[in-house]
Amino acid sequence: MLNHDPSGQCLATFERYSKKYVVRASHYVLENQEVTVCYGPHDNARLWVEYGFTLPNNPNGKVPMEHDLFIALAEKVGVTVSSAHEQALKDAGLPW
Numbered sequence: 001m002l003n004h005d006p007s008g009q010c011l012a013t014f015e016r017y018s019k020k021y022v023v024r025a026s027h028y029v030l031e032n033q034e035v036t037v038c039y040g041p042h043d044n045a046r047l048w049v050e051y052g053f054t055l056p057n058n059p060n061g062k063v064p065m066e067h068d069l070f071i072a073l074a075e076k077v078g079v080t081v082s083s084a085h086e087q088a089l090k091d092a093g094l095p096w
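Here UniProt numbering is used: the first residue of the sequence shown is 1, the next is one more, and so on.
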């Protein structure tokens with residue numbers, strides 16, 4: 001079994017002509033080092049449904065959101081969005 005990592009260092013493929021499942025490393029793998037592949041850019045909901053696990057700090061665990069909705073939700077839960085906050089969003093290159 002190959003474990004998932006969003007930045008997996010191996011690629012697993014099935015070669016039809018040889019009828020073999022082949023795992024190729026993108027760089028040298030040390031003895032006893034875990035070999036991982038990326039199952040795909042899945043969020044935690046899909047990882048849970050398909051594979052039965054989730055990842056802390058999953059880089060694919062994002063929800064696209066319009067700026068106005070983001071600000072409205074923040075204010076709804078009691079966060080005062082100042083002009084400094086809005087500037088920080090712009091500076092971070094987030095959708096505006």
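Backbone N, C-alpha and C define an ideal beta-carbon position, used for all residues, glycine too.
Note that this is a predicted model, so its numbers are computed, not measured.
In the DSSP assignment, the residues bridged to Leu11 are Arg24.
Residue environment analysis places Leu47 among the buried positions, since at least 16 neighbouring C-beta atoms fall within 10 angstroms of its C-beta.
DSSP places Lys90 in the uninterrupted alpha helix (DSSP H) bounded by 83 to 91. Between the alpha carbons of His67 and Leu94 lies a distance of about 9 angstroms. Taking Ala25 as the centre and dropping the five residues before and after it, the same chain places the C-beta of Gln9, Cys10, Val35 closer than 8 angstroms to its C-beta, in chain order. Here Asn3 carries a strand assignment [DSSP, helix/strand/coil].
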